[in-house]
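Enquirer: As given, the protein sequences belong to chains A and B, one line each in that order.
In short: position in the first sequence from 1, add 24, done, that's this note's numbering.
In short: position in the second sequence from 1, add 1391, done, that's this note's numbering.
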Amino acid sequence: MPTLLKPASDGFAVIDRPVVAELCDITKSFTVAGGRELKVLDRINLAVHEGELLALLGQSGSGKSTLLRCLTGLTKPTGGRVLAYGKLLEGINPYASIVFQTFALYPWLTVEQNVAVGLLSKSFTAAEKKGAVGKAIDLIGLDNYHDAYPREISGGMRQRVGIARALVAEPKILCLDEAFSALDVLTAENLRQEMVSLWQGQATSLKSIFMVTHNIYEAVEMATRICVLFPHPGRLGLVLENSLPYPRNSTDPEFERLVNIIHETITMQALPDHPPEQAPVSGRATSRARSRLESIPTVPVSQILGLLSLIKDDQELDNIYDISNEIGKDFGETISLVKAAEILEFVDTPKDEVRFTELGKKFIAADSETQTEIFAEQIKKLRLFHIILAYLEVQDEIEEDTVLKDISSALPYENPEKILQTMIAWGRYAGLMDYDANTRMVTRPEREEEEEEKLVEKS
Amino acid sequence: MKSTATQLGVPEVKRTFTWVDAVVLAVVFGLCWSIFHFGSGMTVQFDVSRSPEISTDVRNIPYYAARTLLRMWIAFGFSLIFTFSVGYAAAKNRIARSIILPALDILQSVPVLSFLTITVTGFVALFPGSLLGVECASIFAIFTGQVWNMAFGFYHSLVTVPGDLREAATNFRLNAWQRFGKLEVPASMHSLIWNSMMSFGGGWFFVAQSEALTRFNKNVKLPGLGSYMATAVETGNNTAAIWAIVAMLAIIIASDQLIWRPLLAWADLFKMELSEAGQPPTSWLYDFIRRAYIFDWIRETIVDPIADYIVVFRRRSRIGPVLGFQSRRKIWMWIFRVAGALIGLFLLYEVMVGLTAAIVAVTNSVSWPLFLNICWLGFLTMGRVVIMTAAATLIWTPIGFWIGSKPEVARLAQPIAQVAASFPTNMTFPFVVGLFVALHISINWGSIFLIAMGTQWYILFNVIAGAMAIPNDLKEAARTYGLSGWPLWRTLILPSIFPFWVTGACTAAGGAWNASIVAEVATWGDKRLEAQGLGAFIANASSQGDTALIICSTAVMCVFVLLTNKLVWRRLYDYAERRFHLD
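1. For Arg1728 of chain B, does the count of other Cβ atoms within 10 angstroms reach 16, so buried, or fall short, so exposed?
2. Would Pro1653 of chain B count as contacting chain A if we go by Cβ distances under 8 angstroms?
3. Taking a Cβ distance cut-off of 7 angstroms, strictly less, list which residues of the segment 161–195 of chain A are near chain B, in chain order.
4. Cutting at 7 angstroms between CB atoms, please list the residues of its own chain near Ala1868 of chain B, excluding the five before and the five after it.
5. At what residues does the alpha helix (DSSP H) containing Gly1524 of chain B begin and finish?
6. Taking 8 angstroms as the CB-CB limit, is Val1702 of chain B close to chain A?
7. Whose C-alpha, out of B:Trp1880, B:Leu1422 and B:Trp1759, is nearest the C-alpha of Thr1788 of chain B?
8. Rounded to whole angstroms, what's the CA-CA distance from Phe279 of chain A to Ser232 of chain A? Just pull it up for me.
9. Whose C-alpha, out of B:Tyr1849, B:Ala1913, B:Met1859 and B:Ile1786, is nearest the C-alpha of Cys1897 of chain B?
10. Would you call the CB atoms of Ala1812 of chain B and Phe1852 of chain B closer than 8 angstroms?
11. For Arg60 of chain A, which beta-bridge partners are listed by DSSP?
12. Ignoring anything shorter than 4 residues, give me the alpha helix (DSSP H) runs that lie fully in the segment 1562–1629 of chain B, in order along the chain.
13. Is the Cβ-Cβ distance between Ile22 of chain A and Leu268 of chain A less than 8 angstroms?
14. If you follow the beta strand (DSSP E) that Leu77 of chain A is part of, which residue opens it and which one closes it?
15. In angstroms, rounded to a whole number, what distance separates the CA positions of Asp208 of chain A and Leu215 of chain A?
16. Counting contacts by CB-CB distance shorter than 8 angstroms, is Pro1577 of chain B in contact with chain A?
17. Helix, strand or coil, according to DSSP, for Tyr453 of chain A in the structure here?
18. What in chain A is Cβ-close to Met1663 of chain B, meaning under 8 angstroms?
19. Buried or exposed for Phe1756 of chain B, please, with buried defined as at least 16 other CB atoms from any protein chain shown within 10 angstroms of its CB.
20. Could you spell out the range, first to last residue, of the alpha helix (DSSP H) harbouring Glu357 of chain A?
21. Indicate the three-state DSSP secondary structure (helix, strand or coil) for His410 of chain A in the structure shown.
22. With a CB to CB cut of under 6 angstroms and the five nearest residues on each side skipped, what residues in its chain are close to Leu1771 of chain B?
23. Counting only the same chain and skipping the five closest in sequence on each side, list residues whose C-beta sits under 7 angstroms from that of Val1713 of chain B.
24. Any C-beta of chain B sitting closer than 8 angstroms to the C-beta of Gly141 of chain A?
25. Would DSSP call Arg1969 of chain B helix, strand or coil?
26. Please report how far the alpha carbon of Gly87 of chain A lies from the alpha carbon of Arg407 of chain A, in whole angstroms.
27. So which residues on chain B does Ser392 of chain A lean against when the C-beta distance must stay under 9 angstroms?
28. How would you label Ala1932 of chain B, buried or exposed, when you count the other beta carbons within 10 angstroms and need 16 or more for buried?
29. Give a yes or no on contact between the segment 218–236 of chain A and the segment 185–204 of chain A, applying the rule of three or more CB pairs nearer than 8 angstroms.
30. Decide if the segment 375–392 of chain A is in contact with the segment 335–346 of chain A; the criterion is three or more beta carbon pairs, one per stretch, under 8 angstroms apart.
31. Closest to Leu62 of chain A by CA distance: which of A:Ala449, A:Ser433 and A:Ser333 is it?
32. When you compare only the Cα positions, how much space is there between Pro490 of chain A and Tyr1546 of chain B?
33. Whole angstroms is fine: what's the gap from Val1624 of chain B's alpha carbon to Phe1827 of chain B's?
34. Give a yes or no on whether the C-beta atoms belonging to Pro1502 of chain B and Ile1908 of chain B are separated by under 8 angstroms.
35. Just the C-alpha distance for Leu282 of chain A and Leu81 of chain A, rounded to the nearest angstrom, thanks.
36. Are there 16 or more other CB atoms within 10 angstroms of the CB of Ala1621 of chain B, so buried, or fewer, so exposed?
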């Protein structure tokens, strides 16, 4: 039983059970726009033992789903080996079943037929099939739904079908790919607890669960071991043993301690405490650029503005976790927002606190025209934006593809298309650039000249 | 395992045979009988000098109608086989795809009718002394008229199967057959049925045309509705002609009610959305068939036991896990590769031989001035196609919008427009031409009307579909701001109809090229009218059996069609996709 595992404080938990699946030195790259290689996973080593419930935590885009696909054999890693019960994996992992975030049920099959899909690879007679499917359906609480079609039942019930289909194939390891994130809070909570008791119980062949999630509470509530995946490129950041007895209570101090450790790890990774920047001095914007070329979080301008006015209205909100709870976004997304505000020098983030800078105060108090000007000024300080702005200084427009190529060589671990999309959105708000979808050109906005004149007058 | 019924507290009804099953069985046997009965007429003796006589006796119409229908279904069956095999190959294999997609694109633009005489010669040589040769040529014409868009549609659905559904199939280790049956065919079923319905509707035009054709200045007639009509017109038997039109309408409507409506109602099950549709299509026949027990009975007492037997047999003969799944797959992969390469080489060889022969024939007998004249005729026909498209657009866009914005009218009008589009208007050409003769209208202009008769409907029902798809909130917003008249059309209606119009107009223009072969030459009794145009040129070359001229003029028409597709329609599609996509 998982509770037998030694707690994390003893150093490494001694796990002498067989290893169900193991990733050895896994690297995975994808080809992105312009034929460039984008490295998503970088030398990952991870083993899932029998009796373990392993949670892999990470922000969206950190490569955690790719990791799950490597482990199940859906994706072939670019480098490294995948082992299934010690044997080199070729093709699909026969011991693993996946439960999908989107359920992945076949709409034209009834619940019963959908569950039977899990058995198709086995040669069963009709009676055997019926027995196995019936058992799985009973086990997962779908008794009255045999002949219903997926579109006729609720999201929670659909995911139960997904779980029954995965279990009927008698896997040793169940892989949950954000399995609860498309469900409402109550349904998800209910299903999480059922998953844990299924894994603890003896009714199935199940030995281990490998779950991928971005929900910190979910991971701490369910897992015996939690791995945090750092993004760009995906690499293992933190590994935590969690020996809390089930059922776990989120108000338990140990529970809170684990959540805090994870929070801090993610925050420190995303928002490292810089030495304070030198006070801005007058002169050309370029001279004040940060020395390192830094990426930008892909968040919309309106959400940055929303975040700022939220902190302004409620002085109590000075910490990332409270903000995350207040705006109802998950922690990773909140971090991205705060980071965007920090890059633009509107807020400062010592540890997990969020404080207005002088500029931020000025910005939030200003009228919309001044806001645009300040925003433009701040963008001009970002080295990343110089890629585009430098082109637009000498010509009226620049091909999207050229910019994409530049971005991907500057930020090799990021998705250049998403970055460019965000840059254009920010740049448009700041009145620094525009984009023509028909010609696929990033262009100089028409009003730029008069604005520049204004800026000259001011200085 | 407990069944649903007992759990819900409803007494379980034991399903048994009812009168519904008797009806279903009777229909199935009836169909089998008619296939053999009418099919036997296909292989009768045939001599080029004496083609079978077509009697204009009205009592023969059911027989002729059945023969026509049989032809349609055989062609459709081949289209399905082609669609599955070629669409699947294109979706699964990169090399096959790089050959198949461009080939389909070109074949799609080949005017089927111009090749009819050549294919007749080929098929007659294949089955000497039997009517089956001519029969095959007719079926081949229908096949080439309907197969391309089905194959494209199937390929497109195969490559757009949602990734998570594919991953689920892979994760649960479905083999290629299971994947095909459980995932790929169901996922493309909805589009397959829609495309089949449209293709089948288009097929009537070709069946009517290919049943009565002139070959080496001799008339060859296959027993069928099209040839019945042609004979009626030749002999001036107007009553018979009108009966033929009525019969044609009747079988088109019957096909819609008995085949396509039930299939569409069934296809609703295969929609990808997980939400319930607003108004699923209904069919009385589908509801009726669902009450039959016979299909469940066959599964329970025949299919399942056989499958079980195979499972048990396999288990006994092989103990322990089967030899490496991977290595077996590799063997199969190599077998497929070698077979594919052989077929590819054979096809390549055939194409090269045919192509060189054609080039030699054309260069020997077509002079430059003649070739330039053919090109000039191509421009004349293109002018007709453009005028037809423009006129149909101007007329049908307002009407289509009006119909589409009134749901109750649309529900009535849409099936009518579909039947009108299916109806082989070439059957009625002789009457219209008679009108032209009486009113002294030049066929040079009149042929535009003839072309429009068959093709304008595509524009109409696409505009109707577009108007129905305008979201209500956009309409309400327009009303709030008091938009009406031209500003309303410019800001809301035209942009939202545009993508649909492009689809309709492209189909209409493509059909128009084909129709020009029939429309630019017309006979009314002993009067023969001929317009200046590429269609008329092809028709003449075709009836004279001048192979070199046929090839050359057909190639020119293909180039015209391909160029307009690439330069006009493709761009309009992209533009519509980029700018006016409502999502």
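Don't be surprised by glycine CBs; every beta carbon is placed ideally from N, CA and C.
Expert: The short version:
1. It counts as exposed.
2. Closer than 8 angstroms: no.
3. Within the segment 161–195 of chain A, the residues whose Cβ lies closer than 7 angstroms to some Cβ of chain B are Asp167, Asn168, His170, Asp171, Pro174, Arg175 and Ala193, listed in chain order.
4. Taking Ala1868 of chain B as the centre and dropping the five residues before and after it, the same chain places no C-beta closer than 7 angstroms to its C-beta.
5. Unbroken alpha helix (DSSP H) run through Gly1524 of chain B: Leu1523 to Val1550.
6. A Cβ of chain A is located within less than 8 angstroms of the beta carbon of Val1702 of chain B.
7. Residue B:Trp1880 holds the alpha-carbon nearest to the alpha-carbon of Thr1788 of chain B among B:Trp1880, B:Leu1422 and B:Trp1759.
8. In this structure, the straight-line span from the alpha carbon of Phe279 of chain A to that of Ser232 of chain A is close to 22 angstroms.
9. When only C-alpha atoms are compared, the closest one is B:Tyr1849.
10. Yes, Cβ-Cβ distance for Ala1812 of chain B and Phe1852 of chain B is below 8 angstroms.
11. Per DSSP, the beta-bridge partners of Arg60 of chain A are A:Val56.
12. When DSSP assignments are scanned along the segment 1562–1629 of chain B, the uninterrupted stretches of alpha helix (DSSP H) that are 4 or more residues long and fall wholly within it turn out to be 1567–1570, 1576–1602 and 1616–1625.
13. Outside the displayed range of chain A (25 to 483) lies residue 22 of chain A, so it cannot be described from this structure.
14. Segment Leu77 to Leu81, the beta strand (DSSP E) holding Leu77 of chain A.
15. In this model, Asp208 of chain A and Leu215 of chain A are separated by some 11 angstroms (Cα to Cα).
16. Output row for Pro1577 of chain B: interface = yes.
17. Of the three classes helix, strand and coil, the one that applies to Tyr453 of chain A here is helix, per DSSP.
18. For Met1663 of chain B, the chain A residues whose C-beta falls within less than 8 angstroms of its own C-beta are Pro131, listed in chain order.
19. What sits at residue 1756 of chain B in the sequence shown is Ser, not Phe. So Ser1756 of chain B counts as exposed.
20. In the DSSP annotation of this structure, the continuous segment of the alpha helix (DSSP H) that includes Glu357 of chain A starts and ends at Phe355 to Ile367.
21. DSSP places His410 of chain A in the helix class (H, G or I) of the three-state scheme.
22. Cβ neighbours of Leu1771 of chain B within its own chain (closer than 6 angstroms, five residues either side excluded): Gln1923 and Gly1924.
23. In this prediction, Val1713 of chain B scores a pLDDT of 49, lower than 50, which makes its location untrustworthy; no coordinate-derived value is stated.
24. The residue you asked about is not Gly; residue 141 of chain A is Val in the sequence shown. Flagged as an interface residue toward chain B: Val141 of chain A, by a C-beta distance shorter than 8 angstroms.
25. Note: Arg1969 of chain B maps to helix in three-state DSSP.
26. Going by the C-alpha atoms only, they are around 26 angstroms apart.
27. Ordered by position in chain B, no residue passes the 9 angstroms Cβ test against Ser392 of chain A, which lies about 25 angstroms from the chain.
28. Result: buried.
29. The answer is yes - the segment 185–204 of chain A touches the segment 218–236 of chain A, with three or more Cβ pairs under 8 angstroms.
30. Yes, since at least three Cβ pairs between the segment 375–392 of chain A and the segment 335–346 of chain A fall closer than 8 angstroms, the two stretches touch.
31. Minimum Cα distance to Leu62 of chain A is reached at A:Ser433.
32. There is no way to answer for residue 490 of chain A, as the model of chain A reaches only from 25 to 483.
33. So the two alpha carbons sit approximately 16 angstroms from each other.
34. Taking 8 angstroms as the Cβ cut-off, Pro1502 of chain B and Ile1908 of chain B qualify as a contacting pair.
35. Distance between the alpha carbons of Leu282 of chain A and Leu81 of chain A is about 13 angstroms.
36. By the neighbour-count rule (16 or more Cβ atoms within 10 Å), Ala1621 of chain B is buried.
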